[in-house]
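Please read the structure below before turning to the comments.
2 protein chains.
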Amino acid sequence: MVNQEAKTPRERYRAQVRTEIKQRAWEQIATAGASALSLNAIAKQMGMSGPALYRYYGGRDELITELVREAYRSLADTFRAASQEGADVAGLAHTLREWALRDPQRYFLIYGTPVPGYHAPDDTTAISSEIMAMILDACAALPADGPETRFEAHLAGHRDWAAGHPAPPAVLHRALTFWTRLHGVLSLELAGQFTGMGFDPALLYAAELADLTGASTN
Amino acid sequence: MVNQEAKTPRERYRAQVRTEIKQRAWEQIATAGASALSLNAIAKQMGMSGPALYRYYGGRDELITELVREAYRSLADTFRAASQEGADVAGLAHTLREWALRDPQRYFLIYGTPVPGYHAPDDTTAISSEIMAMILDACAALPADGPETRFEAHLAGHRDWAAGHPAPPAVLHRALTFWTRLHGVLSLELAGQFTGMGFDPALLYAAELADLTGASTN
DNA sequence: CGCGTTCGTTAGAAGTTATAACTCGACGAA
DNA sequence: TTCGTCGAGTTATAACTTCTAACGAACGCG
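Chains as they are written, first to last, in full-length UniProt numbering: chain A, 1 to 218; chain B, 1 to 218.
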């Protein structure tokens with residue numbers, strides 16, 4: 001992180017402008033969504049005119065890619081901080097929800113509707129598996145239950161994505177359901193699909209979490 | 001459906017052009033996503049120039065709204081056909097996955113990342129609750145299990161969204177988890193988040209479904 | 001047969017991303 | 001200190017987009 005430490009004053013200025021651009025981009029994304037991000041508007045806000053931004057980012061796609069990377073990095077760091085403070089599965093779930101609610105568009109930037117043409121850079125998948133590793137660690141601490149399912153038998157032969165993590169198939173399964181179930185509730189909530197339905201999404205989230213952790217605190 | 005039956009030849013022509021516009025829009029959405037939908041490109045494909053489309057749709061938003069409505073209508077009709085052929089919860093789940101995989105962008109148009117400014121028209125929420133009613137019917141046929149959870153106690157007092165459906169809170173809960181869990185797997189699969197992980201998403205979907213229906217066919 | 005409604009056109013305004021060419025300032029070396 | 005180079009920001013321009021306005025022409029109804 002600190003290896004990029006301000007050689008020349010020019011590079012320092014350049015880095016500062018780049019982070020200001022990113023900051024304005026985040027503000028704009030939070031209010032109008034990623035699809036409405038306008039380089040022109042950012043430039044105007046910063047007091048300089050359109051094409052100046054191309055000195056700092058090759059184009060709209062490159063800026064968005066940087067924001068995606070930053071979002072992944074933020075989630076991974078948040079997870080790491082939580083798990084270093086001893087967060088278990090429930091703690092990670094709570095952390096995830098907090099992180100998502102803090103900036104829904106940032107969540108959607110990672111887990112939302114993909115743009116057909118766009119391909120995420122390679123390093124994001126590295127961060128993604130870093131996140132998955134922490135989920136796996138937390139899930140490994142849960143008590144085992146039930147006989148092996150068909151899907152777990154399948155996972156025993158397809159565990160490349162675990163990146164060498166020494167978890168039994170049941171734990172792999174639990175990590176995947178942790179991901180998909182919490183994402184299911186969270187994404188629908190953030191998309192506003194529950195508005196007007198009357199119930200409290202937090203309680204549905206808690207119910208799913210309770211089911212994941214063994215259903216004792218239901 | 002047939003009440004809009006061709007009064008004057010002009011209206012017939014008008015309706016035909018409208019459906020052709022929608023058809024081209026669907027093709028374009030399927031390949032490039034909803035955000036890349038271009039009225040100009042549609043007009044050019046149809047051999048007429050830009051502003052002509054404004055005779056048929058008030059603008060981009062109005063066209064997309066129509067597509068959203070059509071997507072909802074398609075899902076509801078597909079569900080209705082399945083449930084009239086005696087589909088149970090597993091049948092509905094299978095139907096949902098088939099429908100989503102047939103055109104992922106259509107699924108995302110309904111359940112994907114929302115555009116902050118945009119508000120869905122009222123009739124879509126009507127279709128949405130029509131869909132939910134069928135899920136509730138299917139879930140009511142499942143055997144009951146376990147004691148009442150905290151969330152189900154909460155649902156007992158917040159059941160307006162069920163629109164008068166006479167289902168006990170446990171069934172309401174099951175219908176919601178049917179929705180959120182299947183959406184969790186499905187949306188991540190369609191977004192390509194599982195690509196490169198090696199396992200078969202269909203088996204994860206099946207595992208979630210098995211857990212929903214009582215876990216006997218696991 | 002005429003006349004009005006409606007369709008499709010071109011022209012244009014106000015946006016967008018992105019490239020090219022130019023000016024000017026700052027920084028480092030002789 | 002002077003000079004040369006590099007880079008930041010500028011304007012101009014191209015190629016897009018949505019969308020409005022005004023015009024011509026064709027179609028169909030009375």
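Cβ coordinates follow ideal geometry from the N, Cα and C atoms, glycine included.
| Item | Value |
| --- | --- |
| Residue from Pro51(B), Tyr107(B) and Asn40(B) with nearest C-alpha to Glu70(B) | Tyr107(B) |
| C-beta contact flag for Ile42(B) and Arg24(B) at 9 Å | yes |
| Contact residues within the segment 153-187 of chain A, judged by C-beta distance below 8 Å to chain B | His154, Leu155, His158, Arg159, Asp160, Trp161, His173, Leu176, Thr177, Trp179, Thr180, Arg181, Leu182, His183, Gly184, Val185 and Ser187 |
| Selection from Lys44(A), Arg159(A), Gly112(A) and Pro168(A) that minimises the alpha carbon distance to Asp200(B) | Arg159(A) |
| Test: Gly112(A) CB closer than 9 Å to a CB of chain B | yes |
| Three-pair Cβ contact test at 8 Å for the segment 43-58 of chain B versus the segment 156-172 of chain B | no |
| Whole-Å CB distance - Ala175(B) paired with Glu148(B), under 8 Å assumed | Not a contact, Cβ separation roughly 16 Å. |
| Reference Leu209(B), options Ala32(A), Pro104(A), Thr65(A) and Thr177(A), closest by Cα | Thr177(A) |
| Host alpha helix (DSSP H) of Trp26(A) (start-end) | Pro9 to Ala32 |
| For Arg80(A), the three-state DSSP class (helix, strand or coil) | helix |
| Residue-chain proximity (Val115(B), chain A), Cβ-Cβ < 9 Å | yes |
| Contact list for the segment 74-101 of chain B against chain A, Cβ threshold 8 Å | none |
| Start-to-end residues for the alpha helix (DSSP H) that takes in Met132(A) | Asp122 to Ala140 |
| Coarse secondary structure for Ala191(A), derived from DSSP in three states | coil |
| CB contact below 9 Å: Gly47(A) versus chain B | no |
| Three-state secondary structure (DSSP) of Asp160(B) | helix |
| First and last residue of the uninterrupted alpha helix (DSSP H) at Pro114(B) | Here Pro114(B) belongs to no alpha helix (DSSP H), and DSSP marks it neither H nor E. |
| Pairwise C-alpha distance: Gly157(B) and Leu172(A) | 37 Å |
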